[in-house]
Amino acid sequence: MLKNNPDSGNPGSDPWRRWYDENSTKLMMFARQQLRRPSDAEDVLHNAILKVWNARKKRAGGVPPTETPDPAEIYTAIRRTAIDLGRRETRRTAREEKVIELEDARGISYFDDPFDEAERNDEISKALRKLPVAQREVVALKIWGELTFAEIGETLEISENTAASRYRYAMEGLRRILGKGRESYFKNLMVI
């Protein structure tokens, strides 16, 4: 949660606070779709918001921004922050694998990464994860982000037509996975 202190000149100030309260659910859903572990979504979301806020403050010569970000700007920041996290995790995993190889074979695992099994049990989450990443991103932005295909194209740096076709393919895939007529579940789904 963003701390609400209007005098501190931080993203918790009033316009940003209201913007966050209005948009946090759909931003969180998008962030969760970008990550290997959905539990990292809150950190990625807050880091992305801070990056946007700090960049705007820097452009304004150190004056805290009051204008809130447009959807494409924040979705792009979330996506890039998630990519950065993924790269860091990949590098960390490679380092850990080297350490494990160098360890004497005692059968002790120092780097177990427990995964919340409850999240895997959700039917829609399973279905979404069966989709290609490119299609999953478009579904998250279209349904939870409420972006147009033009905005999705700008966010993902693809054409509007490509965004629309990925969405169509994703819906066809979900119909096959879940059974026809069940894609309406997504509009009411609050946690993936």
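Residue numbers (the UniProt record's numbering): 1 to 192.
The C-beta atom is built at its ideal place from N, Cα and C for all residues, glycine as well.
A quick note: this is a predicted structure, and the numbers were derived from the prediction, not measured.
query                                                                                                  : result
Own chain residues within Cβ distance below 6 Å of residue 139, not counting five before or after      : 170
8 Å contact criterion, which residue 22 and residue 72 should meet: CB distance rounded                : Incorrect: roughly 16 Å between the Cβ atoms, too far for contact.
Inter-residue Cα distance where the pair is residue 79 and residue 95                                  : 24 Å
Nearest-angstrom Cβ-Cβ length linking residue 16 and residue 53, presumed shorter than 8 Å             : 7 Å
DSSP three-state assignment for residue 120, whether helix, strand or coil                             : The predicted model places residue 120 with a pLDDT of 35, which falls under 50 and marks its position as unreliable, so this point remains unresolved.
Limits of the unbroken alpha helix (DSSP H) element including residue 155                              : 149-156
Cβ contact check for the stretch 57-73 and the stretch 158-165: 3 or more pairs under 8 Å              : no
Alpha carbon of residue 55 to alpha carbon of residue 64, nearest angstrom                             : 10 Å
Residue 40, DSSP secondary structure in three states                                                   : helix
Burial state of residue 26 (16 or more Cβ within 10 Å)                                                 : buried
Cβ-based burial, residue 40 [other Cβ within 10 Å; buried from 16]                                     : buried
Among 69, 37, 36, nearest to residue 48 - alpha-carbon criterion                                       : 69
Where residue 70 falls: helix, strand or coil (DSSP)                                                   : coil
Burial state of residue 113 (16 or more Cβ within 10 Å)                                                : Reliability fails at residue 113, whose pLDDT of 39 lies under 50, so the model's placement of it is uncertain and the value that follows must be treated cautiously. Classification for residue 113: exposed.
7 Å Cβ shell around residue 45 - same chain, five flanking residues per side excluded                  : 27, 28, 31, 78
Proximal residues to residue 191 (C-beta, below 7 Å), its chain only, five neighbours per side dropped : Because the pLDDT at residue 191 is just 34, under 50, the model does not fix this residue reliably, and the point stays unresolved.
Rounded straight-line distance, which links the Cα of residue 36 to that of residue 156                : 18 Å
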